[in-house]
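Position 105 of the sequence shown, counted from 1, bears residue number 106 in this note's numbering, the numbering being contiguous throughout.
Read through the structure below, which is laid out as structure tokens, and then see the notes.
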Amino acid sequence: MKSIAIIGAGIAGITLARQLQDSAEVRVFEKSRGFGGRMATRRSGSFHFDHGAQFFTARSKQFQKLINDCVAENQITAWQPRVLTLDPEEKPFKREWFEPHYVAVPGMNTLCKVLAQELKVSLDTQVASIEAEEQGWMLKDYVGNRLGQFDWVISTAPAPQTDELLPECFAHKAALNEVDFSPCFSLMLGFETAPKLNFDAAVVRNSALGWIASNCRKQNRPDSSSLLVHSDNEWARTQFECSTDVVRDRMLAACAELLGDQMPPPEHIAIHRWKYAKAETSLEDDFLLDEPNRLAACGDWCGGSRVEDAFVSALKLGERLKTICCREA
Ligand SMILES: Cc1cc2nc3c(=O)[nH]c(=O)nc-3n(C[C@H](O)[C@H](O)[C@H](O)COP(=O)(O)OP(=O)(O)OC[C@H]3O[C@@H](n4cnc5c(N)ncnc54)[C@H](O)[C@@H]3O)c2cc1C
Numbered sequence: 002m003k004s005i006a007i008i009g010a011g012i013a014g015i016t017l018a019r020q021l022q023d024s025a026e027v028r029v030f031e032k033s034r035g036f037g038g039r040m041a042t043r044r045s046g047s048f049h050f051d052h053g054a055q056f057f058t059a060r061s062k063q064f065q066k067l068i069n070d071c072v073a074e075n076q077i078t079a080w081q082p083r084v085l086t087l088d089p090e091e092k093p094f095k096r097e098w099f100e101p102h103y104v105a106v107p108g109m110n111t112l113c114k115v116l117a118q119e120l121k122v123s124l125d126t127q128v129a130s131i132e133a134e135e136q137g138w139m140l141k142d143y144v145g146n147r148l149g150q151f152d153w154v155i156s157t158a159p160a161p162q163t164d165e166l167l168p169e170c171f172a173h174k175a176a177l178n179e180v181d182f183s184p185c186f187s188l189m190l191g192f193e194t195a196p197k198l199n200f201d202a203a204v205v206r207n208s209a210l211g212w213i214a215s216n217c218r219k220q221n222r223p224d225s226s227s228l229l230v231h232s233d234n235e236w237a238r239t240q241f242e243c244s245t246d247v248v249r250d251r252m253l254a255a256c257a258e259l260l261g262d263q264m265p266p267p268e269h270i271a272i273h274r275w276k277y278a279k280a281e282t283s284l285e286d287d288f289l290l291d292e293p294n295r296l297a298a299c300g301d302w303c304g305g306s307r308v309e310d311a312f313v314s315a316l317k318l319g320e321r322l323k324t325i326c327c328r329e330a
């Protein structure tokens, strides 16, 4: 059997590993301590926050099938929040969502964790270099430890990180440089007294903020009252070099402007900075494959910018690699 190293335990990496596990020796390397990548959940005492992806939709048959299976196992549930559009200059108005929206339970990160149950995953392991050896690719960490030799290496990291990681011989370096990612800040607020909000989630316009969600009103979350606030992506670009304390205070001021006395003083405040949050320009290719060098890449930035796009990109690359592995066997 061929050996395949997959970099990243987000939805793309885990989907790809599941696709390939019967056709190859697959190992996943993830630099964080947990699963999920940008489908992230942070716990602080009794407060829980999905501070990356908020929800997902399913437009393809394959993703809908995965969702149906996970709904049956209580790993995913439909989310039907009351959604408003907020604008500091306008009256709030109600938004209708015309397609089902889903969340993983009890946190967004748990989906990848349950899907990875049968897989070989090395967490807390950052791949720093990929070097050619006679028998294949040698992966090393930052202190030069050898992580293993593999026939194939596939990166599911965001395109700029994939560009840094994959060797110069990768045939699609130019395509990686076409992808533009915008950043985002996530402000996490925990309250002793619940804010009296007339919405569960809000899309925000003309503000430093882009989104507000009452995390505790998603299904199967702890009762402790928590708000998750995302910055606007373009605003985040302008603030990216500022200290997180400055950004936090600016986002808190924007919350106060929008919510007024609906929001009591928070008991818990934390901020997270996403350097690569959203693929603003993505590729039309479903994945990038360099068969002669046995290197490839996939993720949400191939064909879109959302959870489902990452899943579909990985699924399509998996189908192609399965064929190649069968042919090479
Ligand atoms: C703030 C925010 C809000 C979002 N909201 C939504 C939303 O509401 N709905 C939606 O559909 N999508 C949303 N998204 C986008 C969604 O999260 C992504 O499309 C999806 O999670 C991407 O999955 P992925 O597997 O392609 O990449 P990632 O989840 O980024 O996974 C890549 C993984 O690779 C790992 N990695 C990188 N470099 C290395 C290395 N050298 N060694 C080892 N591991 C490495 C990373 O740690 C990461 O875990 C949001 C994203 C953010 C950040």
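Even glycine gets a Cβ: it sits at the ideal position worked out from N, Cα and C.
Practice task
Specify the secondary structure class of residue 136 as computed by DSSP and reduced to three states.
Solution key: In the three-state DSSP reduction, residue 136 falls in the coil class, being neither helix nor strand.
Exercise for the section: Label residue 219 either buried or exposed according to how many other C-beta atoms from any shown protein chain fall within 10 Å of its C-beta, with 16 as the threshold for buried. Expected result: Burial call: buried.
Practice task
List the endpoints of the continuous alpha helix (DSSP H) containing residue 299.
Solution key: No alpha helix (DSSP H) holds residue 299; DSSP gives it neither H nor E.
Handout entry: Proximity of residue 87 and residue 95 at Cβ, strictly below 8 Å
Key = No, these two residues do not count as a Cβ contact at 8 Å.
Exercise for the section: Assign residue 122 to one of three DSSP states: helix, strand, or coil. Expected result: Reduced to three states, the DSSP call for residue 122 is strand.
Handout entry: Coil, strand or helix - residue 106 by DSSP
Key = Per DSSP, reduced to three states, the secondary structure at residue 106 is coil, with no helix or strand assignment.
Exercise for the section: Decide yes or no for the touch test of the region 165-185 against the region 256-266: beta carbon pairs closer than 8 Å, at least 3 of them. Expected result: A contact between stretches requires three or more CB pairs, one per stretch, nearer than 8 Å, and the region 165-185 fails this requirement with the region 256-266.
Exercise for the section: Return yes when at least one heavy atom of ligand 1 lies under 7 Å from the C-beta of residue 275, else no. Expected result: Correct: residue 275 has its Cβ closer than 7 Å to ligand 1.
Handout entry: Reference residue 273; option with closest CA among 15, 186 and 191
Key = If we check each option's Cα against that of residue 273, 186 comes out closest.
Problem - Burial state of residue 203, where buried means 16 or more other Cβ atoms lie within 10 Å - result: By the Cβ-count criterion, residue 203 is buried, with 16 or more other Cβ atoms from all chains shown falling within 10 Å of its own Cβ.
Practice task
Entirely within the region 211-289 and at least 3 residues each: give me those beta strand (DSSP E) ranges in chain order.
Solution key: Fully enclosed beta strand (DSSP E) runs of 3 or longer: 226-232 and 269-282.
Problem - Secondary structure of residue 330, DSSP reduced to three states - result: Note: residue 330 maps to coil in three-state DSSP.
Problem - Local conformation of residue 46 per DSSP, three classes - result: If DSSP states are grouped into helix, strand and coil, residue 46 belongs with coil.
Handout entry: Inter-stretch contact at 8 Å, needing at least 3 Cβ pairs: the region 239-250 / the region 143-150
Key = Not touching, per the Cβ criterion.
Problem - residue 82 burial status per 10 Å Cβ neighbour count (16 or more: buried) - result: Under this definition residue 82 is a buried residue.
Exercise for the section: For the beta strand (DSSP E) containing residue 28, list its first residue and its last residue. Expected result: Per DSSP, the continuous beta strand (DSSP E) segment holding residue 28 begins and ends at 25-30.
Exercise for the section: Could you round the C-beta distance between residue 43 and residue 52 to whole angstroms and report it? I think they count as a contact, below 8 Å. Expected result: Under the criterion of beta carbons closer than 8 Å, residue 43 and residue 52 qualify as touching, at roughly 5 Å.
Problem - C-beta contact flag for residue 1 and residue 5 at 8 Å - result: In the structure as shown, the chain begins at 2 and stops at 330. Residue 1 is therefore absent and cannot be evaluated.
Problem - Candidates 167, 160, 144 and 162: closest to residue 138 by CA position - result: Nearest option by C-alpha distance: 167.
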